[in-house]
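If you count by this note's numbering, then the sequence shown holds residues 5 to 570, one letter each, in order.
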Amino acid sequence: MKKTLSLLLITALSNVCISQTAIPDSNFEQALINLGYDTGIPDGSVPTSNINTITSLDVSNLMISDLTGIQDFTALTYLDCFANQLTSLDVTQNTALTSLGCYQNQLTLLDVTQNTALTYLGCSNNQLTSLDVTQNTALTSLGCSNNQLTLLDVTQNTALISLGCYQNQLTLLDFTQNTALTSLICYNNQLTNLNVTQSTALTNLQCFTNQLTSLVVTQNTALTNLGCGANQLTSLDVTQNTALTYLQCYDNQLTSLDVSQHTALTNLGCSANQLTSLDVTQNTALTWLEVRYNQLPSLDVTQNTALTFLTCVGNQLTSLDVTQNTALTELRCAQNPLTSINVTQNTALTSLACYQNQLTLLDISQNTALTNLECSSNQLTSLDVSQHTALTYLQCYNNQLTRLDFTLNTALTDLECHNNALSCLDIRNNNNSNFTIFSSINNPNLSCIEVDDVTWATTNWISSVDAGVSFSTNCGPCTVGINDLEQNFSTLKCYPNPTTGNISIDVPGVKKNTSIAVYDMLGKVIINQQLNSKQTIINLEAYGKGIYFVKITNGDNTITQRIVKQ
């Protein structure tokens, strides 16, 4: 009898000692093994005593599809299980939780009514159709964006400081009780009304892409960031929001906008409205300005010397002075009736879009950092991009250009020069095979195009040129402006070519102020001198084998010859 009682006691004690919690997901159990809460290989369970005192658990981004067993982590205050494959999550037993991050899963249901201690809940990027947070009165931060929510009641969450509920299907939000809110991000919903007059602590409000017809922010004097674009606003009073540094109110129906008091403003976007005037002379801190597709007849940006980005596309501007905006890296002034644009002071420009204007001249000689140039649909007769070795994208179609030389533009991969008057087109930039866009159709005077490889060009570009146009590695001398450079320029000779050292350049009828420059394949000038006689000798002995370009310039007129050193 004593032996029997002893066996029963040992068995009972063993059962107590080895109480197990089922963990059916092997990835979840492996995570617990890696964290030291289990040993060996996954076997479907872990000792309960190993997990019931854990206060913090991070099992994010581990391909877990089932978090069964989490109910026995009864001491948990912090749980991160985001970026997994969870379709359900039961945390009703985890009543000590103060922080729960379960975003980027596939949850269709989440019950947090028992988790009354929660201060942070992140459940964005799931498939939730409902979310009850009325019991979570301690919440200070709630993120439930990118779900399918149609209702969200936060009237009980009076401690809420930050709310992100964007990209749902919400039609109504009541913030009358959320006086502590500092950040509200509710864009991409179906809101027709938004009352934030009680949320006077707001510093960040993003409510763009809704259906708002009015927005009152006069009480929100702490606002520094306001995004209310893509609504149906006919007016917007921000005169009391003088702390604003960021304002985006694009794609509304605004006819006026007063930002004269906003001296801290660095980013302003009011495109696609009905503005007929805009005064930004007091906004000297502006670095970003978007005013495209309004009805502006003028725009003064001479005081905005910190601007790095400016787009005023699609207005009624007849002039635009950007000579003071020397920090500009991107300028988009297309679709205006501009007859001229001076960008000689904007040496930092990497992108210039001035298409669909009335430009007859475009001086980009100082804009050598350009990678993107869009100057189509103007009245340009010449375009010199020989200094722009970083240029990758060029649209210059619908002009009156007669000659284009891209031999020095070794980075160029996108070229649209159709609908011009080209007779000379040299694309021997040693990069043809990397082109993604090329078009030169509707150039009736163009019979031969100089390319890197005739076979490759014929195979890839034959549909991008006019019928009868041929490809060649040498179409012969190509001259423009012969009347200015003397008719004898057409007899220019460079010999011997190829060469092992010296090159003789014969140019009968040399005029004053004619220069000669030699470039290597990287676009670097290695020789630069005046051409003072009809014959000049260039010594290439000190330079390596390869391809060089000799460029002769007089005023706006140039001739370029390709030289091979052996």
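All residues carry an ideal CB built from backbone N, CA and C; glycine is no exception.
These numbers come from a predicted model, not from an experiment.
**Q.** Reference T280; option with closest CA among C316, Q286, T312, A521
**A.** Sequence index remark: in the sequence shown, residue 280 carries index 276 (1-based). When only C-alpha atoms are compared, the closest one is C316.
Q: Can you check DSSP and say which residues form a bridge with C452?
A: Residue 452 sits at position 448 when you count from the first residue of the sequence shown. Answer by DSSP bridge pairing, in chain order: S474.
Q. If you compare alpha carbons, which of T141, C106, G126 is closest to T117?
A. Here residue 117 refers to the residue found at position 113 when the sequence shown is read from its first residue. Cα-wise, what sits closest to T117 is T141.
Q. Is Q34 helix, strand or coil when you go by DSSP?
A. Indexing the sequence shown from 1 puts residue 34 at position 30. Reduced to three states, the DSSP call for Q34 is helix.
Q: Just tell me which of N446, Y124, D430 has its CA closest to the CA of V458.
A: Locating residue 458 in the sequence shown gives position 454, counting from the first residue. V458 has its Cα closest to that of D430, out of N446, Y124, D430.
Q. What does V568 pair with, by DSSP beta-bridge criteria?
A. Within the sequence shown, the letter at position 564 stands for residue 568. Partner(s): I551.
Q. Which residue comes first and which comes last in the alpha helix (DSSP H) that contains T459?
A. As a first step, residue 459 is located in the sequence shown; it is residue number 455 there, counting from the start. Element bounds for T459: 458-465.
Q.
If you reduce the DSSP assignment to three classes, tell me which class A16 lands in.
A. Within the sequence shown, the letter at position 12 stands for residue 16. Model confidence at A16 stands at a pLDDT of 45, short of 50, so the residue's coordinates are unreliable; what they give is reported in the following sentence. Here A16 sits in helix by DSSP.
Q) At what residue ranges does the stretch 52-129 contain a whole run of the beta strand (DSSP E), taking only runs of 3 or more? A) 60-62, 82-84, 103-105, 124-126
Q.
Within 10 Å of its beta-carbon, does D262 have 16 or more other beta-carbons around it, so buried, or fewer, so exposed?
A. Sequence index remark: in the sequence shown, residue 262 carries index 258 (1-based). Result: exposed.
**Q.** Residue closest to N423, alpha-carbon to alpha-carbon, out of C400, T201, T364
**A.** Numbered from 1 along the sequence shown, position 419 holds the residue referred to as residue 423. Out of C400, T201, T364, C400 has the C-alpha closest to the C-alpha of N423.
Q) Which residue's Cα is closest to the Cα of A521: T417, W465, L412, I453? A) Start at 1 with the first residue of the sequence shown, and residue 521 comes out as number 517. That would be L412, whose Cα lies nearest to the Cα of A521.
Q: Would you mind reading off the limits of the beta strand (DSSP E) that contains S187?
A: Working through the sequence shown from its first residue, we reach residue 187 at position 183. S187 -> beta strand (DSSP E) spans 187-189.
Q) Just checking my contact of Q215 with T196 at CB under 8 angstroms: how many whole Å lie between their CB atoms? A) Reading the sequence shown from its first residue, position 211 is the one you call residue 215. Reading the sequence shown from its first residue, position 192 is the one you call residue 196. Correct: roughly 5 angstroms between the Cβ atoms.
Q.
With distance defined between alpha-carbon atoms, name the residue in L174, V305, G318, I542 nearest to N151.
A. One-based indexing of the sequence shown puts residue 151 at position 147. Closest by alpha carbon: L174.
Q.
My output table needs one value for N224: the three-state DSSP class, helix, strand or coil.
A. Mapped onto the sequence shown, residue 224 falls at position 220. Note: N224 maps to coil in three-state DSSP.
Q) What span of residues does the beta strand (DSSP E) with N376 cover, start to end? A) Your numbering for residue 376 matches position 372 in the sequence shown. Its beta strand (DSSP E) spans residues 376-378.
Q.
What does the Cβ neighbour count give for I55, buried or exposed, with the cut at 16 atoms within 10 Å?
A. For this step, residue 55 is matched to residue 51 along the sequence shown. I55 comes out buried.
Q) Looking only at C-alpha atoms, which of Q383, I345, F410, V529 sits nearest to N435? A) Start at 1 with the first residue of the sequence shown, and residue 435 comes out as number 431. Closest by alpha carbon: F410.
Q | Cutoff 6 angstroms; reference N19; Cβ partners in own chain excluding five residues on either side | A | Taking the first residue of the sequence shown as 1, we reach residue 19 at position 15. Model confidence at N19 stands at a pLDDT of 45, short of 50, so the residue's coordinates are unreliable; what they give is reported in the following sentence. Excluding sequence neighbours, N19 sits near nothing in its chain.
**Q.** Secondary structure of K6, DSSP reduced to three states
**A.** As a first step, residue 6 is located in the sequence shown; it is residue number 2 there, counting from the start. Reliability fails at K6, whose pLDDT of 43 lies under 50, so the model's placement of it is uncertain and the value that follows must be treated cautiously. The answer is helix: DSSP assigns K6 an H, G or I state.
Q) Under 7 angstroms between the Cβ atoms of I541 and N506? A) Stepping through the sequence shown from its first residue, residue 541 is reached at position 537. Stepping through the sequence shown from its first residue, residue 506 is reached at position 502. In this structure, N506 lies closer than 7 angstroms to I541 by Cβ.
Q. G40: which of D62, S23, N433 sits nearest, CA to CA?
A. Counting from 1 along the sequence shown, the entry for residue 40 is found at position 36. It is D62 whose Cα lies nearest to the Cα of G40.
Q. Can you tell me the Cα-Cα spacing of Y254 and S239, whole angstroms?
A. Residue 254 sits at position 250 when you count from the first residue of the sequence shown. Residue 239 sits at position 235 when you count from the first residue of the sequence shown. Between Y254 and S239, the C-alpha separation is close to 12 angstroms.
(Q) Could you tell me the alpha carbon to alpha carbon distance between Y359 and N256, rounded to whole angstroms? (A) On the sequence shown, residue 359 is found 355 positions in, with the first residue counted as 1. On the sequence shown, residue 256 is found 252 positions in, with the first residue counted as 1. In a straight line, the C-alpha of Y359 is about 25 angstroms away from that of N256.
Q: Decide yes or no for the touch test of the stretch 184-200 against the stretch 161-170: beta carbon pairs closer than 8 angstroms, at least 3 of them.
A: yes
Q. Quick one, are the C-beta atoms of G105 and G126 less than 7 angstroms apart?
A. If you number the sequence shown from 1, residue 105 lands on position 101. If you number the sequence shown from 1, residue 126 lands on position 122. Result yes, Cβ atoms of G105 and G126 sit closer than 7 angstroms.
Q: For Q399, verify whether its CB is less than 6 angstroms away from any heavy atom of the ligand MN.
A: Looking for the ligand MN in the displayed structure turns up nothing, as the structure carries no ligands at all.
**Q.** Burial state of V529, where buried means 16 or more other Cβ atoms lie within 10 Å
**A.** For the purposes of this step, residue 529 is taken as residue 525 along the sequence shown, with counting starting at 1. Looking at its Cβ environment, which holds fewer than 16 other Cβ atoms inside 10 Å, V529 is exposed.
Q) Would you call K555 buried or exposed, if buried means 16 or more other Cβ atoms sit within 10 Å of its Cβ? A) As a position in the sequence shown, residue 555 is number 551, starting the count at 1. K555 is buried by the Cβ-count criterion.
Q: Can you tell me which of L113, Y499, P51 puts its alpha carbon nearest to the alpha carbon of Q539?
A: Numbered from its first residue, the sequence shown carries residue 539 at position 535. The shortest Cα separation from Q539 among L113, Y499, P51 belongs to Y499.
Q | For N208: DSSP bridge partner residues | A | Counted from its first residue, the sequence shown places residue 208 at position 204. In the DSSP output, where bridge partners are listed per residue, N208 has S187, N229.
Q: Return the Cβ separation of T144 and Q131 in integer angstroms, given the expectation that the two are a contact with Cβ distance under 8 angstroms.
A: Within the sequence shown, the letter at position 140 stands for residue 144. Within the sequence shown, the letter at position 127 stands for residue 131. T144 to Q131, Cβ: 25 angstroms. No contact.
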